[in-house]
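End of the sequence shown = 266 in our numbering, gap-free, step of one.
Just so you know, even glycine gets a beta-carbon here, dropped at the ideal spot from N, CA and C.
Since this is a predicted model, take the numbers as computed values, not measurements.
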Amino acid sequence: MHKLKNISTRNLLLYILAILVVAAVSFQIFRPKIDQSQFQPIDKSNWEGKTVADYFVEKMRMTPEEAKNFEKNGASFYVTENTNLNALISNLHSYGFVRDEQALRYALENSEDTNPGQENAIKVGKNTIDRGVYGLGTQMTAWEIARILLNYPQEVKTDYGYMFMPGTPYMGEPQGRPLE
């Protein structure tokens, strides 16, 4: 009887191991494939869409030369009370900050969010984007943009009524939050 119990236990362990191996292999085969090129910055030399320089010309009445010079430095992106997740992603795609809307959404959902969202924050999966201003560069990856949007809100001191303003990418530690 004792020998039969050992064989049954061993068989049970082998069955469990086999199921785990099959599950792991299935996950690798059937998981969604992500085209990593969609997360890369846009190559402006062959980009046919609008750019933030176009926004500066249209909305702020800059000359094309001024706008291109400001675009090289990046832009301040304003997330206001009227901004929702779809508009945020669409605007960043429309003005040439990200190559693919789904890639940015994926990066926002799967990046680490170390900043607990405020009450009125935009929800993206388990993460949040606070209302504020964000320094973005036109040569950032979708992952870099997601990291900034999730973790580095800057307080809006003056609302100019624009979605983008000339600015520089944010490269430091979060400001305006207590350090622990």
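{"Query": "S197 burial status per 10 Å Cβ neighbour count (16 or more: buried)", "Result": "buried"}
{"Query": "Rounded separation between K154 and V184 - CA only", "Result": "18 angstroms"}
{"Query": "Minimum C-alpha distance to Q124 - residue among D199, D186 and Y192", "Result": "D186"}
{"Query": "One or two residues paired with A161 in a DSSP bridge", "Result": "L222 and P252"}
{"Query": "Straight-line gap, L99 to F116 (C-alpha atoms, nearest Å)", "Result": "26 angstroms"}
{"Query": "Inter-residue spacing [alpha-carbon to alpha-carbon] between E266 and N97", "Result": "A caution first: E266 carries a pLDDT of 39, below 50, which makes its placement in the model unreliable, though a value can still be read off. When rounded, the distance between both Cα atoms is 52 angstroms."}
{"Query": "Residues near N201 by beta carbon distance below 6 angstroms, same chain, minus five either side", "Result": "N237"}
{"Query": "Cα-Cα separation, E151 to L171", "Result": "32 angstroms"}
{"Query": "DSSP three-state assignment for N97, whether helix, strand or coil", "Result": "helix"}
{"Query": "Cut-off 7 angstroms between Cβ atoms - residues of its own chain near Q261, not counting five sequence neighbours on either side", "Result": "At Q261, the pLDDT of 44 sits below 50, so the modelled position is not reliable and the matter cannot be decided from this model."}
{"Query": "Between the CA atoms of D140 and P264 - distance to the nearest angstrom", "Result": "For P264, the predicted structure reports a pLDDT of 38, less than 50, and the residue's modelled location is therefore unreliable. A value from the coordinates is still provided. Those two C-alpha atoms are separated by around 37 angstroms."}
{"Query": "Ordered list of alpha helix (DSSP H) runs contained in the stretch 95-156, each at least 4 residues", "Result": "138-146"}
{"Query": "Alpha carbon of V138 to alpha carbon of P127, nearest angstrom", "Result": "14 angstroms"}
{"Query": "Counterpart residues of N213 in DSSP-defined beta bridges", "Result": "V210"}
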